[in-house]
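In what follows, a single structure is set out as structure tokens and then discussed.
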Amino acid sequence: MRASPSNSLTAKFIKSLWVLACFAENDYNGRQDVQKEETEMISKQMEKLVHGSSVIRAMFEEGKKMAEKYGAENVYDFSLGNPSVEPPEEVKQAMMDVIQEVDPGTLHGYMSNSGFEDVRDRIADHLNRSFDTHFTRDHIIMTVGAAGGLNVILKTLLDPDDEVIVFAPFFGEYNNYVANAGGRVVVVPPDTSTFMPNLEELKKRISQRTKAVLINTPNNPTGVVYSEQTLKDLAAVLEEKQREFGTDIYLISDEPYRELVYGDIEVPYVTKYYNNTIVGYSYSKSLSLPGERIGYLVIPAEAADYEQVAAAANVATRVLGFVNAPSFQQKVIARCVDARVDVAVYDRNRRLLVEKLRNYGYECARPDGAFYLFVKSLEPDDSAFVAKAKEFKLLLVPGSSFACPGYVRIAYCVDHEMILRALPAFEKLAEVYR
Ligand code: PLP
-4 MRASPSNSLT AKFIKSLWVL ACFAENDYNG RQDVQKEETE MISKQMEKLV
46 HGSSVIRAMF EEGKKMAEKY GAENVYDFSL GNPSVEPPEE VKQAMMDVIQ
96 EVDPGTLHGY MSNSGFEDVR DRIADHLNRS FDTHFTRDHI IMTVGAAGGL
146 NVILKTLLDP DDEVIVFAPF FGEYNNYVAN AGGRVVVVPP DTSTFMPNLE
196 ELKKRISQRT KAVLINTPNN PTGVVYSEQT LKDLAAVLEE KQREFGTDIY
246 LISDEPYREL VYGDIEVPYV TKYYNNTIVG YSYSKSLSLP GERIGYLVIP
296 AEAADYEQVA AAANVATRVL GFVNAPSFQQ KVIARCVDAR VDVAVYDRNR
346 RLLVEKLRNY GYECARPDGA FYLFVKSLEP DDSAFVAKAK EFKLLLVPGS
396 SFACPGYVRI AYCVDHEMIL RALPAFEKLA EVYR
């Protein structure tokens, strides 16, 4: 594989960490020894992960360096999905109230691995009111964000070499989560005309070994929201394949962006369309709390082997080392289950960028949700395009990181003023390709 600038940056960054680590241990005896340490001390598996480390994170680190060099106001960092909107006031107030509570052994203590019962009651009630479902605390497992929840459910379901099908473009971390549980990712190629799941290609990839299909709507990186009809069609394919193979296929719906939708777009609740659905939710984006690491899994009673799956997920939470989701954040969430960030801020960014970028000649998928635009690269090699964009101090993420070369992702969860400052750079970048 050709080394991209961000790969080489990641490599340099990692190398300097090695050198620092060796100095700290007082055993730096020259370059060869450093390399020997590198291969001997960490696992082969981890070595691969370190070298293939997230392009998004590498861009983010590079953005910080560029900001130091050129001044923060002259660098336009659209690389990371880090919410720019403050958490709602009621969430901040709940944090202050909860911290004042005196409840020895409870508030800051261990609890059931699935989380506090009262918190799970509140969440089940919220879901039932919102989506006309019938969940109870027994269907909810509190998790360490969406990432924690996905790792828990994959650990719960997968035997070695079980397959998990994903639709390109997809959040690249899924590769790691599935590998953590010993499974294998099977990728369905994108339908770039709509960026809805390509169901004909899905049919060809489902086999006896398919344990789960993992979807994400509203989608990172495209911003596309799956329509009700798409979910019905997807459910029909899965039902048919379950009958054909005599297996259970779980549909895992990763939904950290559920609340971030614009206009009158609705995000259908997936458990209504397919019994074997498991939902992974997170407050990282809906309440702008990604660093606080809080979310939950929904395992409905209708899911195959529901009781065993829920009990095993409870154990998976512990054996993965999470033990339980953060107790303080659980109690905060219980007080503001209906709170939401102000999506008007993202909508304003979205409208401005879509309008201006289309005027400059860029094409992008219909962005009804999340806070990303997935834009067609102006040259076939998306990494080369990202490198060219960097010359204009624009930091974008190549579509290849989402298994969809030929595109780039723009995260617009940024300060509106930065977008205004970045527009001339986008225009000049487009002019290069005219
Ligand atoms: N899934 C998708 C599609 C995401 O975009 C992200 C984060 O950006 C996650 C999961 C992880 O979310 P969390 O921070 O809640 O673990």
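Using this note's numbering, the letters of the sequence shown map in sequence onto residues -4 to 429.
Using N, Cα and C, we set each Cβ at its ideal position, and we do this for glycine too.
Asked, Found
"Which residues, in chain order, sit with a beta-carbon under 6 Å away from any heavy atom of the ligand PLP?", "Gly76, Gly140, Ala141, Ala142, Phe166, Asn211, Asn215, Asp249, Pro251, Ser277, Ser279, Pro285, Gly290"
"By DSSP, does Ala16 sit in helix, in strand, or in coil?", "The pLDDT assigned to Ala16 is 33, lower than 50, so where the model puts this residue is not dependable; a value taken from the coordinates is nonetheless given after this. DSSP places Ala16 in helix when its eight states are reduced to three."
"Enumerate in chain order the residues of its own chain whose CB-to-CB distance from Arg335 is below 8 Å, with the five nearest sequence positions on each side excluded.", "Pro83, Glu254, Ser281, Leu282"
"Let's test the definition: count the other Cβ atoms within 10 Å of the Cβ of His435 and tell me whether it reaches 16, buried, or not, exposed.", "Summary: the structure shown does not reach residue 435, with the chain confined to residues -4 through 429, and so no result is reported for it."
"Count the other CB atoms, across all protein chains shown, that sit within 10 Å of the CB of Leu424; report buried if there are 16 or more and exposed otherwise.", "buried"
"Can you tell me whether DSSP reads Lys206 as helix, strand or coil?", "strand"
"Does DSSP put Lys371 in a helix, a strand or coil?", "strand"
"Taking only beta-carbon atoms, is Thr312 less than 9 Å away from chain B?", "Protein chain content of the structure displayed is limited to a single chain, and chain B is not contained in it."
"Assign Glu287 to one of three DSSP states: helix, strand, or coil.", "helix"
"Do Phe380 and Leu368 count as a contact pair if the criterion is CB distance below 9 Å?", "no"
"Which runs of the alpha helix (DSSP H), 4 residues or longer, sit entirely within the region 306 to 386?", "322 to 330, 338 to 355, 377 to 386"
"For the region 60 to 123, list the alpha helix (DSSP H) runs that are entirely contained and at least 4 residues long, ordered along the chain.", "84 to 95"
"With DSSP collapsed to three states, give me the class of Pro419.", "helix"
"Could you check if Val318 is buried or exposed, using at least 16 other CB atoms within 10 Å of its CB as the buried criterion?", "exposed"
"Let me confirm a value: Asp363 is counted as buried when at least 16 other C-beta atoms fall within 10 Å, else exposed. Which label applies?", "buried"
"Give me, in chain order, the residues of the same chain whose beta-carbon lies closer than 7 Å to that of Gly342; leave out the 5 immediate sequence neighbours on both sides.", "One point to set straight first is that residue 342 is Asp, not Gly, in the sequence displayed. Excluding residues within five positions, the ones whose Cβ falls inside 7 Å are Tyr257."
"Just the C-alpha distance for Leu226 and Ile273, rounded to the nearest angstrom, thanks.", "14 Å"
"With a threshold of 16 other CB atoms inside 10 Å of the CB of Arg404, please say whether the residue is buried or exposed.", "buried"
"Taking all protein chains shown into account, do 16 or more other C-beta atoms lie within 10 angstroms of the C-beta of Ile328, making it buried, or fewer, making it exposed?", "buried"
"Just to confirm the assignment, what range does the beta strand (DSSP E) spanning Ser277 have?", "272 to 277"
"Give every residue of the same chain whose Cβ lies closer than 7 Å to the Cβ of Leu229, excluding the five residues on either side of it in the sequence, and list them in chain order.", "Pro192, Leu194"
"Three or more C-beta pairs under 8 Å: does that hold for the region 371 to 378 against the region 215 to 223?", "no"
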